[in-house]
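Once you know that position 26 of the sequence shown is 26 in full-length UniProt numbering, the rest is easy, because the numbers rise by one and skip nothing.
Glycine included, C-beta positions come from ideal geometry on N, C-alpha and C.
Fair warning: this is a prediction, and the values are worked out from it, not measured in the lab.
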Amino acid sequence: MQMGLYDQPFEAIKSGEKTIEVRLNDEKRSQLRVNDFIEFTNLTTGETLKVKVLGLEKFSTFKDLFAKYSGPIIGAPKNESIEELDQENQEIYSREREQKYGALAIKIEKITNP
């Protein structure tokens with residue numbers, strides 16, 4: 001599966017700091033399974049990297065997800081509050097889509113190229 005990322009979260013995955021990708025659990029993401037591979041493309045540079053899906057955890061809302069996961073592992077600042085994370089996330093995903101699909105924490109591991 002292919003997904004695009006902005007530069008900062010892409011670099012956080014590349015460095016190994018970000019190990020959970022947060023997405024809407026829409027039709028595309030609901031097809032993901034443990035041990036699948038995702039190829040992320042940096043939307044700024046076009047660079048790509050491959051990760052392996054280690055786990056999938058579904059949540060009714062992003063707030064519920066952020067209550068469990070926050071900080072650098074999801075690509076966020078260490079002290080950012082659940083409310084701040086949720087507000088920023090609304091700029092990407094509308095409340096209507098969140099209510100329809102729910103949220104998904106995708107636990108990932110970067111695949112190093114030989």
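- Fully enclosed beta strand (DSSP E) runs of no fewer than 3 residues occupy 20-24, 37-42, 48-59 of the segment 16-72, in order along the chain.
- When DSSP states are grouped into helix, strand and coil, Ala-12 belongs to the helix group.
- Residue burial is scored here from C-beta neighbours: Arg-29 has at least 16 other C-beta atoms within 10 angstroms and is therefore classed as buried.
- Proximity to Glu-39 across Gly-71, Lys-50, Gln-31, Arg-33 peaks at Lys-50, based on C-alpha coordinates.
- Ala-103 is bridged by DSSP to Leu-24, Phe-59.
- Between the alpha carbons of Leu-24 and Thr-48 lies a gap of roughly 21 angstroms.
- If you check the CB distance, Lys-52 and Glu-109 come in under 8 angstroms.
- Contact between Gly-102 and Phe-66 does not hold, since the beta-carbon distance rounds to 13 angstroms and is not under 8 angstroms.
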